[in-house]
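Residue numbers (the numbering used here): 208 to 342.
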């Protein structure tokens, strides 16, 4: 399995941006004034197929970064994505991964496959870290 990723909806990130202990910039999210945090890559979570095609691409419930959408030839506009003839409703947000040493000064690396890693223990650890720091 690749690097564990956590999907953070844009609405949640907007809420966190108002918390004093959270610093968010284009590439990262730092919590509690620590040098470590999360690398962020723009992404969407596929919620449902709305064009009547079913789900021929098997995307419902999956997370894809904007770079992956481009590779797929998908058209993304706000809360919808067209893949071929199929139309999907998506939730906009970010794929977050734990920052590596020295990443605080660097932009996020090109994201790898952002699959459904939300069941992995590392993703759960990331979520727990955020909940503990933001509560």
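Beta carbons are placed, not taken as given, at the ideal position from N, Cα and C, and that holds for glycine.
Source: prediction; values computed, not measured.
(Q) For residue 289 and residue 239, I'd like the C-alpha separation in whole angstroms. (A) 39 Å
Q: Specify whether the region 262 to 275 and the region 216 to 232 touch according to this definition: at least 3 beta carbon pairs, one from each stretch, less than 8 Å apart.
A: no
Q) Under 8 Å between the Cβ atoms of residue 246 and residue 306? A) Yes; because the gap between Cβ atoms is below 8 Å, this pair is in contact.
Q: Compute the beta-carbon to beta-carbon distance between residue 293 and residue 260, rounded to the nearest angstrom, for a pair I have assumed lies under 8 Å.
A: Right, their Cβ atoms sit about 4 Å apart.
(Q) Looking at the secondary structure, which residues open and close the beta strand (DSSP E) in which residue 304 lies? (A) 293 to 305
Q | Close-in-space but distant-in-sequence residues of the same chain around residue 252 (CB under 6 Å, 5 per side omitted) | A | 214, 270 and 298
(Q) On the DSSP letters alone, give me the boundaries of the alpha helix (DSSP H) that residue 221 sits inside. (A) Start and end: 217 to 223.
**Q.** Buried versus exposed, by CB contacts within 10 Å (16 or more), residue 285
**A.** Looking at its Cβ environment, which holds fewer than 16 other Cβ atoms inside 10 Å, residue 285 is exposed.
Q. Residue 254 to residue 234, Cα distance in whole Å?
A. 25 Å
Q) How many Å lie between residue 250 and residue 227 at the Cα? A) 25 Å
Q) Ends of the beta strand (DSSP E) at residue 256? A) 244 to 256
Q. In whole angstroms, what separates the C-alpha of residue 295 from that of residue 237?
A. 32 Å
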